[in-house]
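Residue 2 is where the sequence shown starts when you use our numbering, and the numbers rise one by one after that.
In this text, a Cβ means the ideal position worked out from N, Cα and C, and glycines have one as well.
Worksheet: one structure, shown below.
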Amino acid sequence: INVALRQKLDLYACVRPLRYFEGVPSPVKHPEHVNLTIFRENTEDLYAGIEEKISDDEMHSIKVITRKGSTRIAKKAFEYANENNIDKVTVVTKANIMKLTDGLFLEVARDVAKDYPNIKLEEILVDNMCMQLVMYPEKYNIILTENLYGDILSDLCSGFVGGLGLIPGANIGEDISIFEAVHGSAPDIAGKNIANPTAIILSGCLMLDYIGEHEASKKIKIALDKTLSNSENFTRDLGGDKSTTEFTDIIISNL
């Protein structure tokens, strides 16, 4: 359903900010330095859904990359960097192998970068990016990439800061935008009152920022930071025992 909505409403930019919350367990040495945002093209690539059954033993899938789709996500990433005084954008592809599709995405990123001389464009292959992120996550602030790579990298990076329960997401289009938790609907725990609501709360903060309600967003994030700084408040996914309702009540009390 999510993929269909993104394509139907042309929500071309998937924006996923990841930052560390003090007090939350992390497998990396210095999680306090992790603060990055992934800009993932949201309507093309292998997620375009163009597949064909040749026989019971052979299936084909078509990878779609267009100049239009690549240009608008690249501009979104560079505009964000410019607005937030970030001096580097890292574009992630596999252009050494997929010279036409990923090659076009990389070519467009280079072209867009020319309009932002104050921002460096760093180019890296997706396999190397996975290794670099695990070893040196603090080196990266903005990642620009295609649909499939962005989906994988955002889940990888969520592990640095406590897991998918803490990661918000925004799907941005020209006229319509949708804000959602990265982890999806989690049907396996629906109705059990054990889900960590942080991701959906932060997605709400992204929406508040999007409509200009920055002060409201800031207050909620401060209350959330305070809540997560105490391990006694953790939900089950973070190693605690607080229910969704109990965790939310603590956030409200910290507002």
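Item: Status (buried if at least 16 other CB within 10 Å, exposed otherwise) for Ile-253; Value: exposed
Item: Nearest-angstrom Cα separation, counted from Phe-161 out to Val-25; Value: 10 Å
Item: Closest residue to Asp-156 among Ile-201, His-184, Pro-138, Ser-178 (Cα-Cα distance); Value: His-184
Item: Inter-residue CB distance, His-143 and Thr-91 (contact presumed, cutoff 8 Å); Value: The sequence shown places Ile at residue 143, not His. Contact holds; Cβ gap of about 7 Å.
Item: Secondary structure of Ile-252, DSSP reduced to three states; Value: helix
Item: Neighbourhood of Val-109 by C-beta distance below 8 Å, restricted to the same chain and skipping five residues each side; Value: Arg-68, Ser-71, Thr-72, Ala-75
Item: C-beta atoms of Thr-44 and Arg-17 nearer than 8 Å; Value: no
Item: 3-residue-minimum beta strand (DSSP E) runs that sit fully inside the segment 73-152, ordered along the chain; Value: 89-94, 121-126, 143-146
Item: Host beta strand (DSSP E) of His-61 (start-end); Value: 59-62
Item: Counted within 10 angstroms of its Cβ, other Cβ atoms place Asn-172 as buried (16 or more) or exposed; Value: buried
Item: Simplified DSSP state of Lys-243, which is helix, strand or coil; Value: strand
Item: Cβ neighbour criterion (16 or more within 10 Å) applied to Asn-85; Value: exposed
Item: Thr-146 versus Gly-192: straight-line alpha-carbon distance, rounded; Value: 35 Å
Item: Coil, strand or helix - Gly-70 by DSSP; Value: helix
Item: Reduced DSSP category for Asp-46 - H, G, I as helix; E, B as strand; rest coil; Value: strand
Item: Cβ-Cβ separation, Leu-126 to Thr-94 (assumed contact under 8 Å), whole Å; Value: 7 Å
Item: 8 Å CB neighbourhood of His-31 in its chain, flanking five on each side removed; Value: Glu-139
Item: Between the CA atoms of Lys-9 and Thr-102 - distance to the nearest angstrom; Value: 23 Å
Item: N- and C-terminal bounds of the alpha helix (DSSP H) containing Ser-218; Value: 215-229
Item: Counted within 10 angstroms of its Cβ, other Cβ atoms place Glu-42 as buried (16 or more) or exposed; Value: buried
Item: Separation of Gln-133 from Pro-261, as counted between CA atoms; Value: Outside the shown range of the chain (2 to 256) lies residue 261, about which nothing can therefore be said.
Item: Same chain, Cβ closer than 6 Å to Lys-222, five either side skipped, listed in chain order; Value: Cys-206
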